[in-house]
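Start counting the sequence shown at 20; every next residue gets the next number (my numbering).
Idealized CB from N, CA, C, for every residue including glycine.
Being a predicted model, the structure only gives us computed values, none of them experimental.
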Amino acid sequence: MPNNAPFDNLSYLVTLLVMVATTHPQYAIGRFAAAALRRQGRERAELVSQLLFGEPVRILESNKNWSRIACAEDGFEAYIRNEQIKAVDELTFLRQKSSPAFALDLFAPVLGNQFALPITLGARLPDFDGLHLHLDDKRYTYSGQAAMSADLKTSPELIIKLARKLLYVPQLSGGRTPSGIDSAALVQLIGRIVGLQLPRTAETQANCGRTVDFMVQCQAADLAFFDDNRGNINHVGFILPDSRILHAGDCVRIDAIDHYGIFNFERGRYTHRLRIVKRLLPDMKQQDVLKTKKEMEEVDPAQLSVFG
């Protein structure tokens, strides 16, 4: 009988290539301002997060209507409708993950020849040149405020300045936009813009950084974490000078904080119990702490417009 080994080897090679092709993760980015990420692949499943325009994901598996995806930077897994993501090549995926251009306006449109797509703070602009972005050999215009990630300084001043833009945005569990946001998303979104990569939930964010032992040692942009009656961490916010905190309560707001927790003067009571404070940025010298405090005081903490 003739030796069929070459054919067997070829068949094995083809099978192996098919297996690699089908198991190798595909890449995609968000197509719209904010696509719903759900716990399960069905419309009424719980909203667990949102995917902003241009944010990169890996496609883990797909069916006719839904894909299970993993967010590129934190591995957060959820389900999304297929039409709400756009397949991209690996190079675009890596650029959008590591060196994106960020939209810095609360709302601003991406303009095409026949449409205007509103995008939000923290959206990512593929192949952005300062005015135009490019995708699938097509050019779109973005005239809102934007910056390359490499040009944004990781500083407490910038963190608080960006976070203040979201003041009075309503709290929304799973939300990540100026239409609604939760406490962990607020910290994660603002942190990523300035180069800090954090997990999606307050509980996992509490594992990051260095512990600050006493409230008097806190610096601006330290993260304060709070727990529920069962001891589960479920809330987080940015510490400000003068024993204040910026967080997403009923809305994104500034309240008082001490070693007990967050005190809401409107309600006349504590609303969140302090668990731990973590620091992600370098320790500051006393003169730098005072300088930061002065710079932040130049912005009215009771601003009446989220567009300030």
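Apart from sequence neighbours up to five positions away, the residues of its chain that approach D124 with a beta-carbon distance below 7 Å are L140, G163 and Q164, ordered along the chain.
With respect to I258, A275 sits apart: the two C-beta atoms are not nearer than 8 Å. G73 is positioned such that its CB atom lies closer than 8 Å to that of I48.
Taking C-alpha positions only, L71 is separated from A54 by approximately 7 Å. By alpha-carbon distance to A122, the top candidate from L144, E109, Q133 and Q103 is L144.
Distance from D201 to Q190 at the Cβ level is roughly 6 Å; contact confirmed, criterion being Cβ atoms closer than 8 Å. Between the C-alpha atoms of F51 and G131 there is a straight-line separation of about 13 Å. Between the alpha carbons of V255 and L300 lies a distance of about 16 Å. Around the beta carbon of T196, 16 or more other beta carbons sit within 10 angstroms, so the residue counts as buried. Straight through space, the alpha carbons of L293 and D232 are spaced by roughly 12 Å. Inclusion of L265 and I212 in the CB contact set at 8 Å is not warranted, their separation being larger than that value. Rounded to whole angstroms, the gap between the alpha carbons of S262 and D277 is 7 Å.
Taking 8 Å as the cut-off, the Cβ atoms of T220 and A203 count as close. In the three-state reduction of the DSSP assignment, S68 falls in the strand class, which pools E and B. V271 places its beta carbon 8 Å or farther from that of L181. Of the residues Q69, N253 and V206, the one whose Cα lies closest to the Cα of F95 is Q69. As computed with DSSP, E80 is found in a beta bridge with R87.
Taken through DSSP and simplified to helix, strand or coil, G210 comes out as helix.
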